[in-house]
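*Asks:* Protein chains in written order, with full-length UniProt numbering: chain A, 1 to 153; chain B, 1 to 153; chain C, 1 to 153; chain D, 1 to 153.
Number of protein chains: 4
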Amino acid sequence: MQVGDPISEEIIIRARESFARQGLMAHLGVEITEVRAGIVKLRLPFRPELTQQHGYFHAGGTSAIADSAGGYAGFTLFPEGSSVLTVEFKLNLISPAQGNYLEAVGRVIKNGRTLTICQLDVWGVDGKRRKHVATGMQTLICLHDTPDLPASR
Amino acid sequence: MQVGDPISEEIIIRARESFARQGLMAHLGVEITEVRAGIVKLRLPFRPELTQQHGYFHAGGTSAIADSAGGYAGFTLFPEGSSVLTVEFKLNLISPAQGNYLEAVGRVIKNGRTLTICQLDVWGVDGKRRKHVATGMQTLICLHDTPDLPASR
Amino acid sequence: MQVGDPISEEIIIRARESFARQGLMAHLGVEITEVRAGIVKLRLPFRPELTQQHGYFHAGGTSAIADSAGGYAGFTLFPEGSSVLTVEFKLNLISPAQGNYLEAVGRVIKNGRTLTICQLDVWGVDGKRRKHVATGMQTLICLHDTPDLPASR
Amino acid sequence: MQVGDPISEEIIIRARESFARQGLMAHLGVEITEVRAGIVKLRLPFRPELTQQHGYFHAGGTSAIADSAGGYAGFTLFPEGSSVLTVEFKLNLISPAQGNYLEAVGRVIKNGRTLTICQLDVWGVDGKRRKHVATGMQTLICLHDTPDLPASR
Numbered sequence: 001m002q003v004g005d006p007i008s009e010e011i012i013i014r015a016r017e018s019f020a021r022q023g024l025m026a027h028l029g030v031e032i033t034e035v036r037a038g039i040v041k042l043r044l045p046f047r048p049e050l051t052q053q054h055g056y057f058h059a060g061g062t063s064a065i066a067d068s069a070g071g072y073a074g075f076t077l078f079p080e081g082s083s084v085l086t087v088e089f090k091l092n093l094i095s096p097a098q099g100n101y102l103e104a105v106g107r108v109i110k111n112g113r114t115l116t117i118c119q120l121d122v123w124g125v126d127g128k129r130r131k132h133v134a135t136g137m138q139t140l141i142c143l144h145d146t147p148d149l150p151a152s153r
Numbered sequence: 001m002q003v004g005d006p007i008s009e010e011i012i013i014r015a016r017e018s019f020a021r022q023g024l025m026a027h028l029g030v031e032i033t034e035v036r037a038g039i040v041k042l043r044l045p046f047r048p049e050l051t052q053q054h055g056y057f058h059a060g061g062t063s064a065i066a067d068s069a070g071g072y073a074g075f076t077l078f079p080e081g082s083s084v085l086t087v088e089f090k091l092n093l094i095s096p097a098q099g100n101y102l103e104a105v106g107r108v109i110k111n112g113r114t115l116t117i118c119q120l121d122v123w124g125v126d127g128k129r130r131k132h133v134a135t136g137m138q139t140l141i142c143l144h145d146t147p148d149l150p151a152s153r
Numbered sequence: 001m002q003v004g005d006p007i008s009e010e011i012i013i014r015a016r017e018s019f020a021r022q023g024l025m026a027h028l029g030v031e032i033t034e035v036r037a038g039i040v041k042l043r044l045p046f047r048p049e050l051t052q053q054h055g056y057f058h059a060g061g062t063s064a065i066a067d068s069a070g071g072y073a074g075f076t077l078f079p080e081g082s083s084v085l086t087v088e089f090k091l092n093l094i095s096p097a098q099g100n101y102l103e104a105v106g107r108v109i110k111n112g113r114t115l116t117i118c119q120l121d122v123w124g125v126d127g128k129r130r131k132h133v134a135t136g137m138q139t140l141i142c143l144h145d146t147p148d149l150p151a152s153r
Numbered sequence: 001m002q003v004g005d006p007i008s009e010e011i012i013i014r015a016r017e018s019f020a021r022q023g024l025m026a027h028l029g030v031e032i033t034e035v036r037a038g039i040v041k042l043r044l045p046f047r048p049e050l051t052q053q054h055g056y057f058h059a060g061g062t063s064a065i066a067d068s069a070g071g072y073a074g075f076t077l078f079p080e081g082s083s084v085l086t087v088e089f090k091l092n093l094i095s096p097a098q099g100n101y102l103e104a105v106g107r108v109i110k111n112g113r114t115l116t117i118c119q120l121d122v123w124g125v126d127g128k129r130r131k132h133v134a135t136g137m138q139t140l141i142c143l144h145d146t147p148d149l150p151a152s153r
């Protein structure tokens, strides 16, 4: 399977169900718009509740969708019954994050047994205008034999 | 002025007013708990609206408070009439982020005329238990002669 | 001018002359193999003097060529009479770095007046085999009106 | 065992022997000056063979010693019969790297079974003057049951 290939309905459902359990995504208003092998796209519409002090999207929102997009991009390639955790990520904020919505694209660069590396990109979209607002890199760890379920607390 | 020194009431007010304009901080429920020269602490109480798929704090929330803590830590050392933007940051998520609240500490390591480097740390606090959940680094840029006001859109 | 465009002989010479003043590049045995607008490629042939403890290329060599490739990629787009410094970079070492030589590619993602962001990639090449061994990101600063000359010490 | 504790002669020898197999360290002229639990210090004396275009230490040398210092800091805490690889690192170059020698300090922040996180710092030392020239963060992976020996090629 190559990055970008279509994947089984089952894997798409697994990713969407896990995404739906992320309370933060609902609280910010993030939608998952595309799931392919090793690629996930998320969309975050603008709301005043998402701003930093100058009225742009706060880097925390940009980071949240970049991190989730990369995490689920990796997750689509992980074996059944495993979980994903972010080890670390780095984000360059290259332009003020503005637009009707932000689109985050997570794309797997290297898929290893334990560690997976993703490229993260975020775009600010305003009608036809599409501006690159952040780019980064993320390291994920695959927890084998650890179903992706809520921790019992 | 050394990092950690007390600072003037005026600078504290300037930082708190700017923080209060960050819509995302209010939306997540973040409080600013300490402002000293080059050091800012923020607190994010746990809510189900902040979780990732396993029920821990989502890395997006951890990132949001780490980024704001560092940004305002730098801002306390910037000259009057200037603004702060994050150039980039990198965060290692070293333990699952859990607890009654997260505490983010931003601390200036190097304060330059144009660029300022901060250390970022986030702790998960549960009663007396205090666990290091994330550590990172951030590069800020000081925009001279650019008052920290909402962009006219 | 777009990234990847051919550039003037003058800019190529400026980049090559600056590169030739990097004592470390000669000491490691690095050659500059391509200079285009916003893209520079370097080659580092294998020598036992470049290894880490398992006999692969040491990450220090991989970093050195990644950093120089990105730095000169940015430099090709800088105005005359300016200098380049690396603000920070981050590198993921995705496979053991081996081969007859390493090839580093620095490519400008965002070219700003003050800050420029580059993508860094390093490949291990062995005859026809070409393996992606490292990927990263770099922030450069353009020092305007600071000719790229040896500091007077 | 706490970070900073003295460690057994056996672990010190294991780290020094592995370090001695790094061809790049000898080629650059790096000495290992301190080995404690989770902390390793390296020293790189200035030579024209280590410079960038302005005559300072090249970031490649700074990176090489930062990476090795962190790698061996982690290695001191790893179980017998295991190896260390760098997953990724990020370095902020906060001042021009100059001085009679550079000193790199790698210090473990979090020691996990699979992944270990280190803080990296590099100082430029000139007689009594000691300047912070770089700070960073590194993720290491412990390869269990993989003795730290040269790969059979």
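Ideal placement from N, C-alpha and C gives every residue a C-beta, glycine not left out.
1. Shorter than 8 Å from the beta carbon of N100 of chain D to some beta carbon of chain C?
2. Output the distance between the C-alpha atoms of R153 of chain D and F57 of chain C, rounded to the nearest integer angstrom.
3. Check whether chain B comes within 8 Å of M1 of chain D, counting only Cβ atoms and requiring the distance to be less than that.
4. Here's the rule I'm using: 16 or more other beta-carbon atoms within 10 Å means buried, otherwise exposed. How should Q22 of chain A be labelled?
5. With a threshold of 8 Å between beta-carbons, can V105 of chain B be considered close to chain A, or not?
6. Could you check whether the Cβ of I39 of chain C sits closer than 8 Å to any Cβ belonging to chain A?
7. Could you tell me the alpha carbon to alpha carbon distance between A64 of chain D and S18 of chain A, rounded to whole angstroms?
8. Could you spell out where the beta strand (DSSP E) holding F89 of chain D opens and where it closes?
9. Would you mind listing the alpha helix (DSSP H) stretches within the UniProt domain "Thioesterase" (54-128) of chain C that are 4+ residues and don't spill past its ends, in chain order?
10. So if DSSP puts R36 of chain D in a beta bridge, which residue, or which two residues, is it bridged to?
11. What does I109 of chain A reach in chain C if we use C-beta pairs closer than 9 Å?
12. Should Y72 of chain A and A15 of chain A be called a contact, given that it needs their Cβ atoms to be closer than 8 Å?
13. Check each candidate in A:L50, A:R47, A:I13 and name the one with the smallest Cα separation from I32 of chain A.
14. Under 8 Å between C-beta atoms, does I12 of chain B make it to chain D?
15. Quick one: grab the DSSP three-state call for M25 of chain A.
16. Pick out whichever of A:L77, A:P79, A:Q53, A:T86 has its Cα sitting closest to the Cα of E66 of chain A.
17. State the Cα-Cα distance for the pair R47 of chain C and A151 of chain B, rounded to the nearest angstrom.
18. I'd like the list of long-range same chain contacts for R107 of chain C, defined as Cβ closer than 7 Å, with 5 residues on each side in sequence excluded.
19. What number of angstroms, rounded off, separates the C-alpha of W123 of chain C from the C-alpha of G70 of chain C?
20. Give a yes or no on whether the C-beta atoms belonging to S82 of chain A and L149 of chain A are separated by under 8 Å.
21. What residue from B:P79, B:E103, B:D145 has the CA that sits closest to M1 of chain B's CA?
22. With DSSP run on the structure shown, which of helix, strand or coil describes I7 of chain D?
23. What in chain B is Cβ-close to T51 of chain A, meaning under 7 Å?
24. Using the DSSP secondary-structure output, state which residues sit across from R140 of chain B in a beta bridge.
25. According to the Cβ coordinates, are L77 of chain D and A134 of chain D closer than 8 Å?
26. Compute the Euclidean distance between the alpha carbons of Q52 of chain A and Q53 of chain C, then round it to the nearest angstrom.
27. In chain A, what lies closer than 7 Å to F87 of chain D by C-beta?
28. Provide the residue(s) that pair with L44 of chain B in DSSP beta bridges, ordered along the chain.
29. Using CA atoms only, rank isn't needed, just tell me which of B:K131, B:G29, B:A59 is closest to R43 of chain B.
30. Does any residue of chain A bring its CB to less than 8 Å from the CB of G124 of chain B?
31. Given this structure, state the Cα-to-Cα distance separating E88 of chain C from M137 of chain D, to the nearest angstrom.
32. Mind listing the chain A neighbours of S18 of chain B? Cutoff is C-beta to C-beta under 8 Å, in chain order.
33. Does D145 of chain B pass the burial test, meaning 16 or more other C-beta atoms within 10 Å, or should it be called exposed?
34. Check each candidate in A:L50, A:I109, A:S8, A:R36 and name the one with the smallest Cα separation from G99 of chain A.
35. With K90 of chain D and K90 of chain C assumed to form a contact (beta carbons below 8 Å), what rounded beta-carbon distance in angstroms separates them?
*Replies:* A quick look at the data gives this:
1. Along the fourth sequence, read from residue 1 onward, the residue named residue 100 of chain D stands at position 100. It does not: the Cβ of N100 of chain D has no partner Cβ on chain C nearer than 8 Å.
2. Here residue 153 of chain D refers to the residue found at position 153 when the fourth sequence is read from its first residue. Here residue 57 of chain C refers to the residue found at position 57 when the third sequence is read from its first residue. Since pLDDT at R153 of chain D reaches only 47, below the 50 mark, its modelled position is unreliable, and no value is offered.
3. Residue 1 of chain D sits at position 1 when you count from the first residue of the fourth sequence. No, M1 of chain D does not count as interfacial toward chain B.
4. Start at 1 with the first residue of the first sequence, and residue 22 of chain A comes out as number 22. Counting Cβ neighbours within 10 Å, Q22 of chain A comes out buried, since at least 16 surround it.
5. As a position in the second sequence, residue 105 of chain B is number 105, starting the count at 1. For V105 of chain B, the answer is no, since every Cβ of chain A falls outside 8 Å of its Cβ.
6. In the third sequence, the residue the question calls residue 39 of chain C occupies position 39. For I39 of chain C, the answer is no, since every Cβ of chain A falls outside 8 Å of its Cβ.
7. Counting from 1 along the fourth sequence, the entry for residue 64 of chain D is found at position 64. Counting from 1 along the first sequence, the entry for residue 18 of chain A is found at position 18. So the alpha carbons of these two residues sit roughly 40 Å apart.
8. As a working note, residue 89 of chain D is residue 89 in the fourth sequence. Unbroken beta strand (DSSP E) run through F89 of chain D: 83-93.
9. 59-75
10. The sequence position of residue 36 of chain D within the fourth sequence is 36, counting from 1. Paired residues: D:I39.
11. Position 109 of the first sequence, counted from the start, is the residue given in the question as residue 109 of chain A. Correct list: N92, I94, H132, T135.
12. Indexing the first sequence from 1 puts residue 72 of chain A at position 72. Indexing the first sequence from 1 puts residue 15 of chain A at position 15. In this structure, A15 of chain A lies closer than 8 Å to Y72 of chain A by Cβ.
13. By 1-based counting over the first sequence, the position of residue 32 of chain A is 32. When each option's Cα is compared against that of I32 of chain A, the closest is A:I13.
14. Your numbering for residue 12 of chain B matches position 12 in the second sequence. No, I12 of chain B does not count as interfacial toward chain D.
15. Numbered from 1 along the first sequence, position 25 holds the residue referred to as residue 25 of chain A. Helix.
16. Working through the first sequence from its first residue, we reach residue 66 of chain A at position 66. Reading off the sequence, residue 66 of chain A comes out as Ala, not Glu. Ranking the options by Cα distance to A66 of chain A, first place goes to A:T86.
17. Position 47 of the third sequence, counted from the first residue, corresponds to residue 47 of chain C. Position 151 of the second sequence, counted from the first residue, corresponds to residue 151 of chain B. Distance between the alpha carbons of R47 of chain C and A151 of chain B is about 55 Å.
18. Position 107 of the third sequence holds residue 107 of chain C. Cβ neighbours of R107 of chain C beyond the five flanking positions: V3, G38, I39, A73, C118, Q119.
19. For the purposes of this step, residue 123 of chain C is taken as residue 123 along the third sequence, with counting starting at 1. For the purposes of this step, residue 70 of chain C is taken as residue 70 along the third sequence, with counting starting at 1. Between W123 of chain C and G70 of chain C, the C-alpha separation is close to 14 Å.
20. One-based indexing of the first sequence puts residue 82 of chain A at position 82. One-based indexing of the first sequence puts residue 149 of chain A at position 149. Not in contact: S82 of chain A and L149 of chain A (Cβ atoms no closer than 8 Å).
21. If you number the second sequence from 1, residue 1 of chain B lands on position 1. For M1 of chain B, the nearest C-alpha among the options comes from B:P79.
22. As a first step, residue 7 of chain D is located in the fourth sequence; it is residue number 7 there, counting from the start. I7 of chain D falls in the coil class under three-state DSSP.
23. For the purposes of this step, residue 51 of chain A is taken as the residue at position 51 of the first sequence. Result: Q22, G23, L24.
24. What you label residue 140 of chain B is simply residue 140 of the second sequence in a count that begins at 1. It is worth fixing the name first, because residue 140 of chain B is Leu in this sequence and not Arg. Answer by DSSP bridge pairing, in chain order: B:T86, B:T116.
25. Counting from 1 along the fourth sequence, the entry for residue 77 of chain D is found at position 77. Counting from 1 along the fourth sequence, the entry for residue 134 of chain D is found at position 134. No; because the gap between Cβ atoms is not below 8 Å, this pair is not in contact.
26. In the first sequence, the residue the question calls residue 52 of chain A occupies position 52. In the third sequence, the residue the question calls residue 53 of chain C occupies position 53. Going from the Cα of Q52 of chain A to the Cα of Q53 of chain C covers about 47 Å.
27. Within the fourth sequence, numbered from 1, the residue matching residue 87 of chain D stands at position 87. Contrary to the premise, residue 87 of chain D reads as Val rather than Phe in this sequence. Ordered by position in chain A, the residues that pass the 7 Å Cβ test against V87 of chain D are L115, T139.
28. The sequence position of residue 44 of chain B within the second sequence is 44, counting from 1. Looking at the DSSP assignment, L44 of chain B forms a beta bridge with B:L102.
29. Locating residue 43 of chain B in the second sequence gives position 43, where the first residue counts as 1. Cα-wise, what sits closest to R43 of chain B is B:G29.
30. Numbered from its first residue, the second sequence carries residue 124 of chain B at position 124. No, no contact with chain A.
31. Start at 1 with the first residue of the third sequence, and residue 88 of chain C comes out as number 88. Start at 1 with the first residue of the fourth sequence, and residue 137 of chain D comes out as number 137. C-alpha separation (whole angstroms): 11 Å.
32. One-based indexing of the second sequence puts residue 18 of chain B at position 18. Correct list: Q53.
33. Position 145 of the second sequence holds residue 145 of chain B. It counts as exposed.
34. In the first sequence, the residue the question calls residue 99 of chain A occupies position 99. Ranking A:L50, A:I109, A:S8, A:R36 by Cα distance to G99 of chain A puts A:L50 first.
35. The residue labelled residue 90 of chain D in the question sits at position 90 within the fourth sequence. The residue labelled residue 90 of chain C in the question sits at position 90 within the third sequence. Confirmed, about 4 Å.
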